[in-house]
Amino acid sequence: MTEERKHAILLATVILTARRLQPLLEAVDEAGKPNMGTEFWAEVYTKKSMERAAHILDLIDAKWPGAPPKPRPEA
């Protein structure tokens, strides 16, 4: 799997996480005051999503090892 595809999967994970958190964060904005419970769960959900994305990328690497990274040409 190429690095570009991995980045696309990671981007999709970020977008799906943001969509999931949007209703929680909008409810806080409508109330006009901070809600520690909502902030806590938003942070927990974000961390879990990043951990899951990293796990998925590790599984992809294990199943489809990519070519070693090419050295960058010097400018």
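Per my numbering, the sequence shown starts with residue 1, numbered consecutively. We put the CB at the ideal spot given by N, CA and C, even for glycine.
So, helix, strand or coil for residue i, using DSSP?
i, result
"W64", "coil"
"P23", "helix"
"G37", "helix"
"R52", "helix"
"R72", "coil"
"T46", "helix"
"T13", "helix"
Our contact map puts residue i next to residue j with C-beta atoms below 8 Å; I'd like the distance itself, whole angstroms only.
i, j, result
"L24", "T38", "5 Å"
"M42", "L21", "The identity of residue 42 in the sequence shown is Ala, whereas the question assumes Met. About 5 Å; that satisfies the 8 Å criterion."
"G66", "T13", "Actually they do not touch by this definition, with Cβ atoms about 19 Å apart."
How about residue i: is its Cβ closer than 8 Å to a heavy atom in the ligand FMN?
i, result
"V44", "No copy of the ligand FMN appears in this structure; indeed no ligand is present at all."
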